[in-house]
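First the structure, in the form of structure tokens, and then the observations on it.
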Amino acid sequence: MWLQPDEILLKNAFKLWVTEEDNEYFVLQRRRGYGEGGGGLTGLLVGTLDTVLDSTSKVAPYRILHHTPDSQVYWTIACGVTKEEIVQHWDWLQQNIMRTLSVFDSSEDITSFVQGKIRGLIAEEGKSSLVLEEDPEKFREALLRFEKWFELPPKEKLVTYYSCSYWRGKVPCQGWLYLSTNFLCFYSYLLGAEVKLIISWDEIWRLEKTSNVILTESIHVLAHGEDHYFSMLMHLNETFVIMEQLADYSIKRLFDKEAFQREPALSDPMQITKRGLEAHAKSEQFRMFFRLPKEENLLEVHESFLWVPFSHFNTLGKICLSENYLCFASQDGSQCHVIIPMREVINVEKSDSSSRALTVCVRGKKALRFTEVRDYQRLANTIRSKCGISASPQHSASSEAIRGTCQSLINHFEDNPEDVTLMVGQKDSSKAVSTEALMTVFHPQDVENLDPKMLKEKMKEQSWNIHFSEYGRGTSMFFTRKTRDLIVRGVPEALRGELWMLFSGAVNDMATHPGYYADLVEQSLGTSTLATDEIERDLHRSLPEHPAFQSDTGISALRRVLTAYAYRNPKIGYCQAMNILTSVLLLYAKEEEAFWLLVAVCERMLPDYFNRRIIGALVDQAVFEDLIRENLPQLVEHMTDLSFFSSVSLSWFLTLFISVLPIESAVNVVDCFFYDGIKAILQLGLAVLDYNMEALISCHDDAEAVTILNKFFDSVTNKDSPLPPTVQQASVSNNDKASHFNVDISELIKEAYEKYGNIRSEEVESSRKRNKLHVIQTLEDTTKQNVIRVVTQEVRFSASHLDRLYNLFKRQHFLCCYWTMKSPALLHHDPSLAYLEQYQLGFQQFSMLFSLLEPWAFCNPKSTLSLWIFRLIDENQDGLVNFKEFCCALDTLYSGSFTNKLKFLFKLHLPPAFDLPEDGVIRKSPERGRGKVDLQAYLKQWQNEILKKEETIKDLPRINQTQFIQFSKTLYNIFHGDPEEESLYQAVAHVTSLLLRMEEVGRRLHESSSPPKSTKPANTAAAESSTQEASTTPENSDTSSSFNSQDAGPDLTEQDWSFSFEQVLASLLNEPTIVRFFERPVDIQTKLGQARVAQLKLKANK
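Each step along the sequence shown adds one to the number in my numbering, with nothing skipped, and position 586 is 568.
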């Protein structure tokens, strides 16, 4: 490998290098302790030194130095892993450089020429692969060590590497941590003790930062039930974030493809870099904080001051710029942020060069003034280009008019800072919708009725109108601490839909997709899928007590929204609880708005909640358990098993408390959710448990605790709700039950914010990532246990052996997914399928794994025999083999009787295993999806499996001439390399000859008893030639070359001889050598261990 020329003063410092060859300008050296005469104490010391100092010499113990005769300075220009590699570089220098150097007059010119040539070679090598790395030279050296030490497939992409200590018990091993796209690797070499660790990201159960008495701060990794600790990291936080992102990336790509398909930035595993991961993490945090669409990416960040007129001062913060949004968030603790869609910007003015200020003018007579922006001119030009604002001559008149308007706004702004009316926004009324919110239809406000509740409602509206006058209204409104205070007190019924749209970011989705919902409704009209069937079933279960959903108006709107969303996102389709949430959205938002609110909830605010495995809800339940341990220690002491709270709180998270609280109280919770996200639900959950602490501690079982919580939720009221009794859910019976006490929802929410408002959204997101690994792996472990329970009934493997076999099988499935996004196994993987069908292997993956596990080493991955075995055990002929089929085949070969093993080999040479399709290609499995499930087909398949009787040896068809010849060759291949190989070959030859003679005698007897016919000498000649061919020992012939597709279909127009299985079995039973061979026990434990080690290497050498 060519290296960037690096100056060294001593070519043989400390006698660590030995010169192998040299000439006038170059020296080839070998590291002491390597190669010939290496090892011993010198090798141990040098190897340890190289590992600790991260020296390239550890993996590249050869190097070439450049020097000139009149200089003492040497330059390293190349290194090599092997002698052959470095000699190639040396020969290239001799042939291409040495002659040229003689024409130069000075040493400086010679050195400059050599350096330039080497740099050119390096640039050519790394043009495609290393251009994105921060330090390509060091990264090339690290990549060389990574490839040498871990022997992973060449496609594996190294992302970054760090120096650290790995703890084995209480002993630290200093070495290097390598993080690649699919693996976490560690290498250490100290005084002859080599430590090598390879863990795939999809095997990790827990990843967290920890600290204890011994380790002040470390990273804890739990995989395969083993704990691994990494410490002494110079950049621990950076390392942990990269590890967290790679683990999350792997989980999404391999287990949770529904979420991954929404991540275009991570679509190609071969292009993942450290810089790309960091940019993706920042963009993800940016989108989450400002509730922006998934398509937005953080492009620029500028520190600046923003003039906030309601506070009359400049607040310090950061300007965040994406493709379509300009956002600002304060950093001074005022919790102020504002979002400006580029579509709303009408002009950008650079007001004052001394203060580096720019003013952004927005529709609705708004202007935002940013000062102390370091690169304000470039930022202004960027915003102009994104908004399409042109200063070309043909638009000069309109530009001047806009500039004049903005300048008058700015002047007025500066002269009258107390005049905050400039910040008043106009409510956007341009949205065209087809229906009104159901609450306005079924419960219009009575203006003349001014009862106390309505008066309080009007006061709330007035408070919000004052807030709008100060902080703005619409998409560019300022979000502050005061906004949250108003939310906690409750949102007025008339403003609820508008504010939900604003806080969730759905208003931006709707504005940028005009007509999208109407098109979806039209396209989805009349479609019939599993989702539409489930929607129809649940329509009348959605708030059935509310008048809006007792009429066709509400039911039809609900049907349209749910069907349109299922059509938009078939990966989610429809999930229970979506109907309840959508019903509430339709009460307060117009139909199209309700659709976009549902999009925001399902795809941004509650990711992975509404799918078959409700992963998102399970993750947030785990986060909730962590918060209970942290904030409610008394409850934890009494109830050590917190899984009860997970089961009881599932409906809280899935329906945002709508299913457990009366509707008039639940909408207040939804208000907080749209402003603060899942943090609001977690806070309220803690407040509910805190409120009922004493009762929960005194209860004796789970049923009693459930009763306590149900009674509490029945007692929650909303004393300020203006809704009439016909709409409210709190019935008389509920009031009778809870007449002794009532809890007001506003007070409960206020208490939740006061006690638990210090929970930060960033901590919640970090906890989500940490717990998602454990949740996914728990679900995967459940799948494994169910599969093993089914397979145990069919095979003789022990539970531990099946566990290890399943891990190998699953890993083989993933090995074809690690380096591509278009693997058939990855595309067909669907967690909603039956357990046995979730992980299946195609022919290539099957043949590689089977070659590692089969007991006789007769089947290499590329042989035709592998294909026959695959077709034999692929019972449904879909081109995929599941774990049960794989284990049954291995069980026969490992633990079956002599008869069963022979029957398996016999069936390999019968159709359908022996016959190939006409085109020689294996049929692929059909596409899998969430269309309509053919229940009749499933029932019929189940019935056939129940009625299927055990196959007997008499049921097997006879084997013809061509098939028998190949059967004999297969036996020879099996026996090849065995200590008794010669006697086994003789036994097969004896059996073959005996069978052919028996067949010939039988045929003659048959001919003598039948009417005389003309003899056919060709048959006899064919039999004799077949006998000779079957008796030949194909020691050096591969099965794949000894048989082709033409042999699969022999011409049977003539009457060829054939054998029954009973004849073959009886003949082979007479050969004790063969019987002993097949009855020889197999060490399954050793075989599984060897397969685990060789699995990755086989892929690497493929």
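Backbone N, C-alpha and C define an ideal beta-carbon position, used for all residues, glycine too.
Could you check if glutamate 185 is buried or exposed, using at least 16 other CB atoms within 10 Å of its CB as the buried criterion?
Against the sequence shown, residue 185 aligns to sequence position 203. Buried.
So what does glutamine 11 bridge to, in DSSP terms?
One-based indexing of the sequence shown puts residue 11 at position 29. Answer is Thr1, Arg45.
On the DSSP letters alone, give me the boundaries of the alpha helix (DSSP H) that leucine 259 sits inside.
Taking the sequence shown and counting its residues from 1, one reaches residue 259 at position 277. Here the alpha helix (DSSP H) through leucine 259 covers 256 to 272.
Return the chain-ordered list of same chain residues with a C-beta closer than 8 Å to the C-beta of leucine 103, the five sequence neighbours on each side being excluded.
Along the sequence shown, read from residue 1 onward, the residue named residue 103 stands at position 121. Result list for leucine 103: Trp(-16), in chain order.
Buried or exposed by the 16-neighbour rule on C-beta atoms within 10 Å, applied to threonine 82:
Locating residue 82 in the sequence shown gives position 100, where the first residue counts as 1. Exposed, by the Cβ-count rule.
Can you give me the C-alpha to C-alpha distance between valine 1064 and alanine 895, rounded to a whole angstrom?
As a first step, residue 1064 must be located in the sequence shown, where it is residue number 1082. As a first step, residue 895 must be located in the sequence shown, where it is residue number 913. Their backbone Cα atoms lie some 25 Å apart in a straight line.
Please work out which residues of its chain come closer than 7 Å, Cβ to Cβ, to aspartate 608, disregarding the five sequence neighbours upstream and downstream, and give them in chain order.
For the purposes of this step, residue 608 is identified with residue 626 of the sequence shown, where counting begins at 1. Closer than 7 Å at Cβ, skipping near neighbours: Ser749.
Beta-carbon within less than 7 Å of glycine 667's beta-carbon, same chain only, minus the 5 sequence neighbours each way: which residues are those?
As a position in the sequence shown, residue 667 is number 685, starting the count at 1. The residues are Phe606, Ser631, Trp634.
Tell me, please, whether the segment 761 to 768 touches the segment 684 to 693 by the rule of three or more beta-carbon pairs shorter than 8 Å.
no
Just the Cα atoms here: how many angstroms apart are tyrosine 1103 and phenylalanine 424?
An answer regarding residue 1103 cannot be provided, because it is not within the stretch -17 to 1084 covered by the chain.
8 Å Cβ cutoff met for arginine 188 and leucine 755:
Position 206 of the sequence shown holds residue 188. Position 773 of the sequence shown holds residue 755. Contact: yes.
On a Cα-Cα basis, can you pick out the residue from Ile1056, Met216, Leu1050 that is closest to phenylalanine 957?
Within the sequence shown, residue 957 is the residue found at index 975, counting from 1. When each option's Cα is compared against that of phenylalanine 957, the closest is Ile1056.
Return yes when the C-beta of serine 628 is under 7 Å from any heavy atom of the ligand MG, and no when it is not.
This structure lacks the ligand MG; in fact it carries no ligand of any kind.
What does DSSP give as the partner residue(s) for serine 182 in the beta ladder?
One-based indexing of the sequence shown puts residue 182 at position 200. Partner(s): Phe165.
Contact belief for valine 643 with isoleucine 663 at Cβ below 8 Å, rounded distance in angstroms:
Position 661 of the sequence shown, counted from the first residue, corresponds to residue 643. Position 681 of the sequence shown, counted from the first residue, corresponds to residue 663. Sequence inspection shows leucine at residue 643; the valine mentioned does not correspond to that position. About 12 Å separates the two Cβ atoms, so there is no contact after all.
Roughly how many angstroms separate the alpha carbons of glutamine 54 and cysteine 309, rounded to a whole number?
Residue 54 sits at position 72 when you count from the first residue of the sequence shown. Residue 309 sits at position 327 when you count from the first residue of the sequence shown. Those two C-alpha atoms are separated by around 59 Å.
With DSSP run on the structure shown, which of helix, strand or coil describes lysine 885?
Locating residue 885 in the sequence shown gives position 903, where the first residue counts as 1. Three-state DSSP puts lysine 885 in a helix.
Please report how far the alpha carbon of isoleucine 517 lies from the alpha carbon of valine 566, in whole angstroms.
Position 535 of the sequence shown, counted from the first residue, corresponds to residue 517. Position 584 of the sequence shown, counted from the first residue, corresponds to residue 566. Cα to Cα, the separation comes out at about 16 Å.
First and last residue of the beta strand (DSSP E) that includes histidine 202?
Residue numbering aside, residue 202 sits at position 220 when the sequence shown is read from its first letter. It spans 200 to 205 - the beta strand (DSSP E) in which histidine 202 sits, taken as one unbroken run.
When Pro323, Leu834, Gly258, Thr494 are compared against isoleucine 1066, the one with the closest alpha-carbon:
Within the sequence shown, the letter at position 1084 stands for residue 1066. Ranking the options by Cα distance to isoleucine 1066, first place goes to Leu834.
Apply the 10 Å Cβ neighbour rule to leucine 1078 and answer buried if 16 or more other Cβ atoms are within range, or exposed otherwise.
Reading the sequence shown from its first residue, position 1096 is the one you call residue 1078. Its Cβ being crowded by 16 or more others within 10 Å, leucine 1078 is buried.
Buried or exposed for leucine 987, going by 16 or more other Cβ atoms inside 10 Å?
In the sequence shown, the residue the question calls residue 987 occupies position 1005. Classification for leucine 987: exposed.
Below 8 Å on the Cβ atoms is my contact criterion, and I expect asparagine 1092 with serine 1040 to pass it. Report the Cβ-Cβ distance as a whole number of Å.
Outside the displayed span of the chain (-17 to 1084) sits residue 1092, for which this structure offers no information.
C-alpha gap between glutamate 441 and leucine 468, whole angstroms
Along the sequence shown, one-based indexing puts residue 441 at 459. Along the sequence shown, one-based indexing puts residue 468 at 486. Looking at the sequence itself, residue 441 is methionine, so the reference to glutamate does not match. Computed Cα separation, rounded: 12 Å.
How do the segment 787 to 799 and the segment 823 to 837 stand: do at least 3 beta-carbon pairs fall below 8 Å, yes or no?
yes
With 16 other Cβ atoms within 10 Å as the buried cut-off, status of leucine 437:
As a working note, residue 437 is residue 455 in the sequence shown. Exposed, since its Cβ has fewer than 16 Cβ neighbours within 10 Å.
Give the DSSP-derived three-state secondary structure of leucine 134 in the structure shown.
Position 152 of the sequence shown, counted from the first residue, corresponds to residue 134. Three-state DSSP puts leucine 134 in coil, outside helix and strand.
Using 8 Å as the threshold, is the C-beta distance between valine 601 and leucine 568 below it?
To locate residue 601, count along the sequence shown from 1; it is residue 619. To locate residue 568, count along the sequence shown from 1; it is residue 586. For valine 601 and leucine 568, no; Cβs fall outside 8 Å.
With DSSP as the reference, label glutamate 317 as helix, strand or coil.
Translated into positions along the sequence shown, residue 317 becomes position 335. Reading off the sequence, residue 317 comes out as glutamine, not glutamate. In this structure, glutamine 317 counts as coil in the three-state DSSP scheme.
Taking the DSSP output, what are the residues bridged to isoleucine -10?
As a position in the sequence shown, residue -10 is number 8, starting the count at 1. Answer is Tyr56, bridged to isoleucine -10.
Where in the segment 584 to 620 do unbroken runs of the beta strand (DSSP E), each at least 3 residues long, occur, reported from the N-terminal end onward?
none
Buried versus exposed call for serine 1096 [16 or more other C-beta atoms within 10 Å across all chains shown]
Because the chain spans -17 through 1084 in this model, residue 1096 falls outside it and cannot be assessed.
For the beta strand (DSSP E) containing tryptophan 289, name the first residue and the last one.
In the sequence shown, residue 289 corresponds to position 307, counting from 1. First-last of the beta strand (DSSP E) with tryptophan 289: 282 to 290.
Using DSSP with H/G/I as helix, E/B as strand and the rest coil, what is glutamine 1072?
Taking the first residue of the sequence shown as 1, we reach residue 1072 at position 1090. Glutamine 1072 falls in the helix class under three-state DSSP.
Is there contact here, the segment 349 to 362 with the segment 284 to 302, by at least three beta-carbon pairs under 8 Å?
yes
Going by CA-CA distance only, name the one from Ala677, Pro552, Val473, Glu226 that's closest to serine 728.
Position 746 of the sequence shown, counted from the start, is the residue given in the question as residue 728. Nearest C-alpha to serine 728: Val473.
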